[in-house]
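Notes to accompany the following structure.
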Amino acid sequence: MDCITQASFMRGFMDLCDLSFNKGWNERNGGNVSYRIKPEEIREVTAFLNEEAPSQTIGITAENLAGEYFLVTGSTKFFMNVKSNPFDNTCIIKIDEKGENYKIVWGLQKGGRPTSELPTHLLNHSVKKHCTNGAHRVIMHAHPANIIALTFILPLDGKVFTQEIWQMMTECPIVFPAGIGVVEWMVPGGPEVAKATAELIQKQDVVIWAHHGIFCSGEDFDLTFGLMDTVEKAAEILVKVISCGGKRQSIGAKEILSLAEPYSVPIDAEMFS
Ligand code: 2HA
Ligand code: ZN
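So the sequence shown is numbered by numbering that gives the first Met the number 0: it starts at 0 and just counts up by one.
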């Protein structure tokens, strides 16, 4: 391999950032992505890594992430520039053996730090790695307009958001059968939002941050992007429906729950309780 950007995980990450930017979800430096790199993928790129880099504290402890490598976007960097210049706008970090510190082993060639939301990403990777037996590897945060708009209209309650968004497109309860969590407005990048999100992400793959954006977890780049895209599209339909005077008819709870068996998905009936 002549260049690290030939690695397929790098290409997948760059494409994801580009797609998200082109959706209009990442104005300026808005949003961040992290990917827990597979051991076989890191072996492919070891020649490009500087394992002697200085260590820095994460701010949270994630013991089950000890020794893991993550590809992440850089703090203050623009998604718009990731695909054309991943060298200056992304980095690979390695977590130490205690799960408390990290070092930048590649990237951010003009300097900088990993995403300002690093504690939230890593705490949530830790939870998701545990609850999915290692299946989830991607965490994506962005600022899609319709989702944010709904946080000014609907009560900030996960059950209400789930019910309203599930009704907008039949695919929704199939794509996110555990529903949506909602976190009230909090200071971005802080430990509070990290912990509140981690609480919800144990059960759900989608957490909305009131008046800020959305946080999604998934197995790979396509599934995580597809999840965010599905939620944002349903939110757009809901904004249009509300703007047109509101629903005249809809899909009921019984109908939504009837999708569980034919599609073999565990749709959470608690969302209607
Ligand atoms: O600017 O989106 O939440 C990056 C962010 C912080
Ligand atoms: Zn944000």
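We put the CB at the ideal spot given by N, CA and C, even for glycine.
These figures come from a predicted structure and were not determined experimentally.
Only counting the same chain, and skipping five residues up and downstream in sequence, which positions put a Cβ closer than 7 Å to that of residue i?
i, result
"M167", "A233, I236, L237"
"I57", "E99, N100, Y101, L117, P118, L121"
"I164", "C171, I179, V230, A233, A234, L237"
"G217", "H135, V137, D204, T223, L226"
"A268", "L256"
"Y34", "F8, F12, F69, L70, R136, V137"
"D219", "R136, V137"
"F271", "Q162, A252"
"F86", "G106, Q108"
Going along the chain, which residues of its own chain have a beta-carbon closer than 6 Å to the beta-carbon of residue i, five neighbours each way excluded?
i, result
"M79", "F20"
"D221", "none"
"E96", "A65"
"H210", "T150, W184"
"T114", "N31, V71, T72, S74"
"V181", "L155, G157, F160, I207"
Would you list the one or two residues that DSSP bridges to residue i?
i, result
"S33", "V71, I138"
"V181", "I207"
"I94", "Y101"
"G106", "C90"
For residue i, name the three-state secondary structure that DSSP assigns.
i, result
"F47", "helix"
"T56", "strand"
"S216", "strand"
"N100", "strand"
"K239", "helix"
"T196", "helix"
"T4", "helix"
"G251", "coil"
"Q166", "helix"
"I173", "helix"
"T65", "Position check: residue 65 holds Ala in this sequence, whereas Thr was assumed. Residue state, collapsed to three classes: coil."
"S19", "helix"
"F77", "coil"
"R27", "coil"
"P187", "coil"
"L258", "coil"
"D221", "helix"
"D267", "coil"
"G245", "coil"
"K232", "helix"
Contact check, residue i vs residue j under 8 Å by CB: the rounded distance?
i, j, result
"F175", "D204", "6 Å"
"P190", "I94", "About 17 Å separates the two Cβ atoms, so there is no contact after all."
"E50", "F8", "At roughly 19 Å, the Cβ-Cβ gap does not stay under 8 Å, so E50 and F8 are not in contact."
"M139", "M227", "6 Å"
"L199", "V206", "5 Å"
"V32", "T72", "5 Å"
"C90", "G106", "3 Å"
For residue i, collect the residues of the same chain with a Cβ closer than 8 Å to its Cβ; drop the 5 residues on either side in sequence, then sort them by chain order.
i, result
"N25", "C16, S19, F77, F78, M79, A141, H142"
"A52", "K102, I103, V104"
"V186", "V192"
Could one say the Cβ of residue i lies closer than 8 Å to chain C's Cβ atoms, at least one of them?
i, result
"F214", "Protein chains in the displayed structure number just one, and chain C is not present."
Complete beta strand (DSSP E) runs within the stretch 110 to 158 (minimum length 3 residues, chain order): As far as the stretch 110 to 158 is concerned, its whole beta strand (DSSP E) runs of at least 3 residues are 137 to 141.
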